[in-house]
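Written below as structure tokens is the structure these notes are about.
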Amino acid sequence: MRLEDFISREMVIPDLSAEDKRGVLEEMVDDLVAKMDGLDRDRLIELLLAREKLGSTGIGYGVAIPHAKLSGVKQTIVTFGRSVKGIDFQSMDDKPAHLIFLIFAPEGATTVHLKVLARISQLLKDTPFREGLMRAASREEIYRTIIESDRKHKASV
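Going letter by letter, the sequence shown gives residues 456 to 612 in the numbering used here.
Below, the structure is given as structure tokens:
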């Protein structure tokens with residue numbers, strides 16, 4: 456499994472403008488809905504907020520991985536957003552989230568959903584990877600950092 460199977464260059468937002476968790480989720484969903492037909496914006500936001508009520512998806516180290524299962528989609532969707540200023544995501548370490556991976560998986564695809572979530576979590580444990588995402592100057596550079604790190608990490612596992 457490779458992340459490039461789930462995320463494309465167009466699904467990268469290099470500079471999120473929202474200032475709070477709900478705003479970031481709305482901004483990322485709006486971007487996704489504008490690029491993919493047939494998605495219900497309000498339903499996506501509702502699913503993400505319901506998941507956040509169970510416990511924050513802010514995992515610490517400046518990272519958040521909001522995710523939900525969605526009926527009607529055929530494959531897992533991954534988007535990435537970067538907030539240079541940081542967002543209060545009620546993270547475990549009480550630090551703002553700068554790097555946000557948003558995942559929507561088909562309702563019956565529990566295995567794939569968990570594999571994608573684990574893969575992203577694994578990559579984000581690597582400090583040089585997180586620093587590279589923060590330093591990247593463009594959408595293209597962010598995307599390249601994600602894909603190259605994923606390939607390199609996969610090769611070493």
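No residue lacks a Cβ here, since even glycine has one placed at the ideal position from N, Cα and C.
Notebook entry, point to check: Quick one: what's R537 bridged to in DSSP?
Noted result: L554
Check: Under the three-state reduction of DSSP, which class applies to P521: helix, strand or coil?
Finding: coil
Item checked: First and last residue of the uninterrupted alpha helix (DSSP H) at G513 -> Counting along the chain, G513 falls outside any alpha helix (DSSP H), though it belongs to the beta strand (DSSP E) covering G513 to G515.
Check: If you run the structure through DSSP and keep just helix, strand and coil, what is P469?
Finding: coil
Margin query: Report the start-end ranges of each alpha helix (DSSP H) in the region 541-607 that is 4 residues or longer and not cut off at the edges.
Written below: 565-579 and 582-590
Check: Is the beta carbon of V518 less than 9 Å from the beta carbon of L554?
Finding: yes
Check: Are the beta-carbon atoms belonging to F494 and L487 less than 9 Å from one another?
Finding: For the record, residue 494 in the displayed sequence is Leu; it is not Phe. In contact: L494 and L487 (Cβ atoms closer than 9 Å).
Check: What separation, rounded to the nearest whole angstrom, lies between the Cα atoms of D460 and D492?
Finding: 19 Å
Next item on the list: Tell whether a beta-carbon distance below 9 Å holds between M466 and I532.
Entry: yes
Margin query: Per the DSSP calculation, I532 is bridged to which residue(s)?
Written below: F559
Notebook entry, point to check: Is DSSP giving E474 helix, strand or coil here?
Noted result: coil
Item checked: C-alpha gap between G527 and R496, whole angstroms -> 13 Å
Check: Looking only at its own chain, which residues have a Cβ that is under 6 Å from the Cβ of G536, when we skip the five neighbours before and after it?
Finding: I468, L471, M483 and I555
Next item on the list: Could you check which residue in T600, L458, I500 and K476 has the C-alpha nearest to that of T582?
Entry: T600
Next item on the list: With a 10 Å radius around its C-beta and 16 neighbouring C-beta atoms as the bar for buried, classify K476 as buried or exposed.
Entry: buried
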